[in-house]
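Residues 2 to 140, numbered by the numbering used here, are exactly what the sequence shown covers, in order. For each residue, glycine too, the CB sits at the ideal point set by N, CA and C. Right, one structure below, let's go through it.
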Amino acid sequence: MAFYRGQQGTVFFDKDSSGGKSEIAAVRSWSMTAEKESLDCTAQGASARSYVGGLIGGSGSIECMYDAPGAGDKLDLLKEVNTANDPANAFVELYLDETGSKKISGSILVTGTDYGATVGELEVVTISFTFNGTITLGI
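What follows is the structure in structure tokens.
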């Protein structure tokens, strides 16, 4: 059985779902959480709770090393949080492998960008996002 290593992951981004996605350079990590609402459907008189699944959603983050991009999708990703009246049509593909066959993808709304600088360390930017619509799990 082969196990995947963290360094095999990659991130592709397209700021407007136009099909022009490209790999984001210098990604250090990414994470994604999928969630499903649990709706209480317990009938009166029952002695135990019952649930059904509700709406599905997800959120995540991308951590990349800051390298002062002058143009391209990495700069677009960093600036996406500053988009007024955002239609939430940016698109992301989060790959678990380098070959591109294991990925999580969907439209996103970038909800935050965290910048920081620490003496003796590389500068890192963390981009937070929420999925907008269907999350495709190609894992």
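- For D74, the uninterrupted alpha helix (DSSP H) run begins and ends at D74 to K80, by DSSP.
- Take D87, set aside five residues on each side of it, and the residues of its chain with a beta-carbon closer than 7 angstroms to its own are L110, in chain order.
- N133 and I140 have their C-alpha atoms spaced approximately 19 angstroms apart.
- Between G101 and V28, the alpha-carbon positions lie close to 16 angstroms from each other.
- Three or more beta-carbon pairs separated by less than 8 angstroms are not found between the stretch 45-53 and the stretch 80-96, which leaves the two stretches without contact.
- The alpha carbon of V12 has as its nearest neighbour, out of E122, Y96, K103 and D115, the alpha carbon of Y96.
- The beta carbons of F14 and V93 sit closer together than 7 angstroms.
- Within the DSSP bridge table, the entry for T43 names no partner.
- In this chain, the beta strand (DSSP E) harbouring Y116 covers K104 to G117.
- Sequence-distant Cβ neighbours of S18 in its own chain, meaning closer than 8 angstroms and more than five residues away, are N90, A91, F92 and S108.
- For V28, DSSP records a beta bridge to C65.
- Take the alpha-carbon of K104 and the one of Q45: they are about 43 angstroms apart.
- Pairing E64 with Q9 gives a Cβ-Cβ distance that is not under 7 angstroms.
- Put simply, the backbone Cα of E36 is about 16 angstroms away from that of S129.
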